[in-house]
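Asker: Dumping the structure here so I can ask a few things about it.
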Amino acid sequence: MCGLVGYIGKNNAKDILLSSLELLEYRGYDSSGIAIRINDSIVTYKDIGRVSHLRSIIKNNIYSNIGIGHTRWATHGSVNRINAHPHSSFDGRFTLVHNGVIENYLELKMMYLSDVDFISSTDSEVIVNLLSYFIRKCSIEEALRKLISVLKGSFALVIFDRDNMDRLYVIKNKTPLLIGKGNDEIMVSSDALAFINSIDSYICLDDMEYAILCKNSVKVFDSRGNIILHNEIKNDTNKEEISKGDYPYYMLKEIEEIPSCIERIRNKYIYEGCITIDESLLNEIRDSDIIYVASCGTSYYASLYFKYIMEKEYKKKVDVLIASEYIYSFEAIGRNPFIIVVSQSGETQDVISFVSKCKEKGLRTLCITNTRYSTLERECDYSLSLEARKEVAVASTKAYVNEVVLFYFLEKAIMNDINRVVVDIDELLISVKDVISRNKEIDNIVKQIVSKDHLYYVGRELGYYGSLEAALKLKEISYIHAEGLSSSELKHGSIALIDSSFPTIALIDNMIDELLVRSNLQEIKSRDGMTFVITYSPFYKDGDSLSLKLVDSSLRIIPLVVVSQYIAYKCALLKGNDIDKPRNLAKSVTVL
Ligand code: F6R
């Protein structure tokens with residue numbers, strides 16, 4: 015959450031900062047700001063709203079070769095201009111941008127800064143004032159180290175110093191901070207995406223490190239002041255990947271990229287009829303007596319699929335955990351547990367904290383992620399990549415699909431059962447492509463639900479897990495309150511809400527569950543509830559809303575969820591919502 019950037023170099027910092035912030039806006043978009051050097055002063059521009067608005071309030075003819083920028087997702091203090099970053103210290107010496115949360119900011123404020131008049135309600139303003147306080151008695155390096163030693167929580171900081179305006183200072187703990195090197199220019203960012211226009215390679219700072227950046231040099235130190243060298247990573251972010259092309263929204267583009275994502279993950283993991291997953295990883299999983307999968311949101315719903323197939327087909331116990339619920343209380347049961355974490359971004363703080371807890375206990379970990387060199391990839395013993403390429407829309411679509419496909423490969427590899435893999439993937443591709451080509455047929459459902467306030471998605475087993483994800487997607491971007499339920503659970507309470515204004519969409523994925531779900535739908539109809547059925551062709555009955563091409567494997571969850579992604583997208587479109595940047599959300603959730 016929050017995107018930050020810093021720039022020193024030969025180009026106009028204002029332009030670089032603004033275009034980088036536009037690329038980072040998916041991390042937070044309540045407000046934005048930059049601070050740049052103009053002659054001998056640091057000048058700050060900030061306001062609520064998007065980066066496009068910030069651009070409009072900054073004069074075109076301003077030139078600067080150094081500056082910092084921020085796009086905010088509010089944690090401390092409401093969304094207003096004063097709380098927007100950058101923030102400056104009481105004496106005007108330091109100006110900073112911050113991503114993260116300082117847990118002890120009130121304590122630090124009382125301890126060191128009782129005579130400072132604070133302007134904002136943010137924890138970030140405490141940091142910048144602390145630096146001005148510490149520097150009175152020591153050098154800048156000592157002050158930076160002192161700052162690291164007193165701050166508790168997560169912080170990526172980029173700091174501008176009025177008394178040395180050719181440098182930037184950066185500090186990192188528990189939230190990403192990358193330093194990119196180009197030709198006569200240095201950039202800092204929370205994500206390599208911001209480097210796309212000019213930076214060839216970058217380094218990732220580790221926790222509790224700081225760095226001093228000048229136009230032609232980067233010096234990184236640990237918290238005791240020892241010099242640290244990091245391996246450089248080539249910047250291979252591809253411009254096409256993050257272009258919207260002819261699509262009106264990233265979300266639609268990303269839904270329609272699903273077939274190519276499935277093909278890419280198939281090409282990565284299937285070679286000459288074999289699944290190419292590290293045998294030592296497979297053996298560790300086979301040898302474990304219980305598997306814990308921890309994740310959040312959409313990734314959590316994809317994890318439930320793994321539990322379903324592993325328990326049903328491999329007869330191994332899998333426990334799926336909402337990562338945040340187990341950060342403090344996780345106690346693995348079993349002699350030899352194995353941990354899997356799933357995170358599209360690889361930067362979700364709830365999951366990172368869960369992994370730290372597991373590492374303290376000496377547990378072995380696998381991370382499934384879409385983001386190379388992410389914190390989770392670096393923290394875990396093994397990693398498997400999702401090959402979905404950059405997902406920009408806040409609502410996850412293609413990454414969910416590849417999480418499910420990867421889990422499918424993992425289970426087949428663990429079982430050494432590759433007979434049907436190629437056929438299953440081919441069948442899946444045919445069905446998903448069919449959904450995409452016939453997506454107009456979904457409009458009929460959308461028209462009837464778009465004006466409703468509430469909705470249930472129901473199913474059983476895989477249809478139920480699909481319903482959970484379908485409901486999240488609908489809430490997230492159309493703002494229709496939705497719940498995913500096992501259809502059999504309706505009668506245990508939730509059916510009380512059903513009346514003619516409360517629609518239910520059923521996801522029917524197999525013959526055995528079909529009869530039960532349909533009988534649960536009858537109970538809804540008897541109470542005037544409106545029902546819709548999305549199912550596969552062999553189970554289709556007159557009056558159903560959509561018939562899909564059969565997928566005869568557990569991957570059948572995917573086309574049903576893809577339909578629900580379209581439903582959410584189309585509802586949000588009709589309502590005129592900001593589909594790629596829904597209210598109150600951000601793509602990368604880097605706070606606890
Ligand atoms: C919903 C969505 C979120 C994320 C969740 C975890 O569309 O995108 O629920 O799935 O914040 O994010 P990752 O997978 O990056 O850990």
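Quick note on numbering: the sequence shown equals residues 15 to 606 in this note's numbering. We put the CB at the ideal spot given by N, CA and C, even for glycine. Since we're looking at a predicted model, the values are computed, not measured.
Could you tell me which residues DSSP puts in a beta bridge with residue 545?
Answerer: Position 531 of the sequence shown, counted from the start, is the residue given in the question as residue 545. Residue 545 pairs with 518.
Asker: So, using beta-carbon positions, are residue 269 and residue 550 closer together than 8 Å?
Answerer: The residue you call residue 269 lines up with position 255 of the sequence shown. The residue you call residue 550 lines up with position 536 of the sequence shown. Contact: no.
Asker: Just checking residue 579 against the ligand F6R - is the residue's beta carbon closer than 7 Å to any of the ligand's heavy atoms?
Answerer: Along the sequence shown, read from residue 1 onward, the residue named residue 579 stands at position 565. With a cutoff of 7 Å, residue 579 does not count as near the ligand F6R, since its C-beta is closer than that to no heavy atom of the ligand.
Asker: Verify the contact flag: residue 575, CB atom, against every heavy atom of the ligand F6R, threshold strictly below 7 Å.
Answerer: Counted from its first residue, the sequence shown places residue 575 at position 561. Incorrect: residue 575 has no Cβ contact closer than 7 Å to the ligand F6R.
Asker: What residues does the ligand F6R have around it, judged by CB closer than 5 Å to any heavy atom, in chain order?
Answerer: Cβ atoms closer than 5 Å to the ligand F6R belong to 310, 311, 312, 313, 357, 358, 359, 362, 409, 410 and 603.
Asker: Suppose you measure from the CA of residue 472 to the CA of residue 306; what does that come to, to the nearest Å?
Answerer: Your numbering for residue 472 matches position 458 in the sequence shown. Your numbering for residue 306 matches position 292 in the sequence shown. Straight-line measurement puts the Cα of residue 306 at about 26 Å from the Cα of residue 472.
Asker: Between which two residues does the beta strand (DSSP E) harbouring residue 351 extend?
Answerer: In the sequence shown, the residue the question calls residue 351 occupies position 337. That run of the beta strand (DSSP E) goes 351-357.
Asker: Starting from the N-terminal side, write out each stretch of the beta strand (DSSP E) that is 3 residues or longer and does not extend beyond the region 436-491.
Answerer: 468-473
Asker: Less than 8 Å separating the beta-carbons of residue 378 and residue 347?
Answerer: Within the sequence shown, the letter at position 364 stands for residue 378. Within the sequence shown, the letter at position 333 stands for residue 347. Their beta carbons are not under 8 Å apart, which means residue 378 does not touch residue 347 by this criterion.
Asker: Within the continuous alpha helix (DSSP H) that includes residue 576, where are the two ends?
Answerer: Counting from one through the sequence shown, the residue named residue 576 turns up at place 562. That run of the alpha helix (DSSP H) goes 571-588.
Asker: I need the DSSP call for residue 197, collapsed to helix, strand or coil.
Answerer: Here the question's residue 197 lines up with position 183 in the sequence shown. Coil.
Asker: Have a look at the DSSP bridge pairing and note the partners of residue 560.
Answerer: In the sequence shown, the residue the question calls residue 560 occupies position 546. Bridge partners of residue 560: 548.
Asker: State the Cα-Cα distance for the pair residue 391 and residue 563, rounded to the nearest angstrom.
Answerer: Locating residue 391 in the sequence shown gives position 377, counting from the first residue. Locating residue 563 in the sequence shown gives position 549, counting from the first residue. Those two C-alpha atoms are separated by around 36 Å.
Asker: Assign residue 218 to buried or exposed, taking buried as 16 or more other Cβ atoms, counted over all protein chains shown, within 10 Å of its Cβ.
Answerer: Locating residue 218 in the sequence shown gives position 204, where the first residue counts as 1. Its Cβ being crowded by 16 or more others within 10 Å, residue 218 is buried.
Asker: Taking 8 Å as the limit between beta carbons, can you name the residues of its chain near residue 466, skipping five residues before and five after?
Answerer: Looking up residue 466 in the sequence shown gives position 452. Excluding residues within five positions, the ones whose Cβ falls inside 8 Å are 494, 515, 516 and 517.
Asker: Using beta-carbon positions only, say whether residue 17 and residue 39 come within less than 8 Å of one another.
Answerer: Looking up residue 17 in the sequence shown gives position 3. Looking up residue 39 in the sequence shown gives position 25. For residue 17 and residue 39, yes; Cβs fall inside 8 Å.
Asker: Compare the Cα-Cα distances from residue 407 to each of 577, 75, 37 and 590 and report the closest residue.
Answerer: Your numbering for residue 407 matches position 393 in the sequence shown. Answer by Cα proximity: 37.
Asker: Using the Cβ count rule (16 or more neighbours within 10 Å means buried), how would you classify residue 389?
Answerer: Taking the first residue of the sequence shown as position 1, residue 389 is located at position 375. Counting Cβ neighbours within 10 Å, residue 389 comes out buried, since at least 16 surround it.
Asker: Roughly how many angstroms lie between the CA atoms of residue 631 and residue 578, to the nearest whole one?
Answerer: Here the chain covers residues 15 to 606 and nothing more, so residue 631 does not appear.
Asker: Just how far apart, CA to CA, sit residue 148 and residue 124?
Answerer: Numbered from 1 along the sequence shown, position 134 holds the residue referred to as residue 148. Numbered from 1 along the sequence shown, position 110 holds the residue referred to as residue 124. Each residue's alpha carbon lies about 15 Å from the other.
Asker: Straight-line CA distance for residue 150 to residue 588?
Answerer: Your numbering for residue 150 matches position 136 in the sequence shown. Your numbering for residue 588 matches position 574 in the sequence shown. Going from the Cα of residue 150 to the Cα of residue 588 covers about 58 Å.
Asker: Quick check on the DSSP output: the alpha helix (DSSP H) that includes residue 527 runs from which residue to which?
Answerer: As a position in the sequence shown, residue 527 is number 513, starting the count at 1. For residue 527, the enclosing alpha helix (DSSP H) begins and ends at 525-539.
Asker: With DSSP collapsed to three states, give me the class of residue 61.
Answerer: Looking up residue 61 in the sequence shown gives position 47. In the structure shown, residue 61 sits in a strand (DSSP, three-state: E or B).
Asker: Alpha carbon to alpha carbon, how far is residue 52 from residue 400? Give it in angstroms, no decimals.
Answerer: Taking the first residue of the sequence shown as 1, we reach residue 400 at position 386. Taking the first residue of the sequence shown as 1, we reach residue 52 at position 38. If you take the alpha carbons of residue 400 and residue 52, they lie about 44 Å apart.
Asker: Would you report the Cα separation of residue 152 and residue 132, rounded to the nearest angstrom?
Answerer: Position 138 of the sequence shown, counted from the first residue, corresponds to residue 152. Position 118 of the sequence shown, counted from the first residue, corresponds to residue 132. So the two alpha carbons sit approximately 23 Å from each other.
Asker: Specify whether the region 273-281 and the region 307-321 touch according to this definition: at least 3 beta carbon pairs, one from each stretch, less than 8 Å apart.
Answerer: no
Asker: Hey, quick one: how far does the beta strand (DSSP E) through residue 175 stretch, first residue to last?
Answerer: The count along the sequence shown starts at 1 and reaches residue 175 at position 161. DSSP places residue 175 inside the beta strand (DSSP E), whose first and last residues are 167-175.
Asker: Locate the beta strand (DSSP E) running through residue 52, then write down its first and last residues.
Answerer: Taking the sequence shown and counting its residues from 1, one reaches residue 52 at position 38. Counting along the chain, the unbroken beta strand (DSSP E) around residue 52 starts and ends at 45-52.
Asker: Tell me whether residue 510 is buried or exposed, calling it buried when 16 or more other Cβ atoms sit within 10 Å of its Cβ.
Answerer: The sequence position of residue 510 within the sequence shown is 496, counting from 1. The residue in question, residue 510, is exposed, as its Cβ has fewer than 16 Cβ neighbours within 10 Å.
Asker: If you draw a straight line from the C-alpha of residue 130 to the C-alpha of residue 144, how long is it?
Answerer: As a working note, residue 130 is residue 116 in the sequence shown. As a working note, residue 144 is residue 130 in the sequence shown. The alpha-carbon atoms of residue 130 and residue 144 are separated by roughly 10 Å.
Asker: By how many angstroms is the C-alpha of residue 165 removed from the C-alpha of residue 543?
Answerer: Within the sequence shown, residue 543 is the residue found at index 529, counting from 1. Within the sequence shown, residue 165 is the residue found at index 151, counting from 1. Straight-line Cα distance between these residues: approximately 54 Å.
Asker: Given a cut-off of 8 Å, decide if residue 73 and residue 359 are closer than it, judged by their beta-carbon atoms.
Answerer: Locating residue 359 in the sequence shown gives position 345, where the first residue counts as 1. Locating residue 73 in the sequence shown gives position 59, where the first residue counts as 1. The answer is no: Cβ separation not under 8 Å.
Asker: Examine the Cβ distances between the region 192-209 and the region 221-232 and report whether three or more of them are shorter than 8 Å.
Answerer: yes
Asker: For residue 420, which residues from the same chain have a beta carbon less than 7 Å from its beta carbon, with the 5 sequence-adjacent residues on both sides left out?
Answerer: Here residue 420 refers to the residue found at position 406 when the sequence shown is read from its first residue. So the qualifying residues of the chain are 279, 382, 398 and 400.
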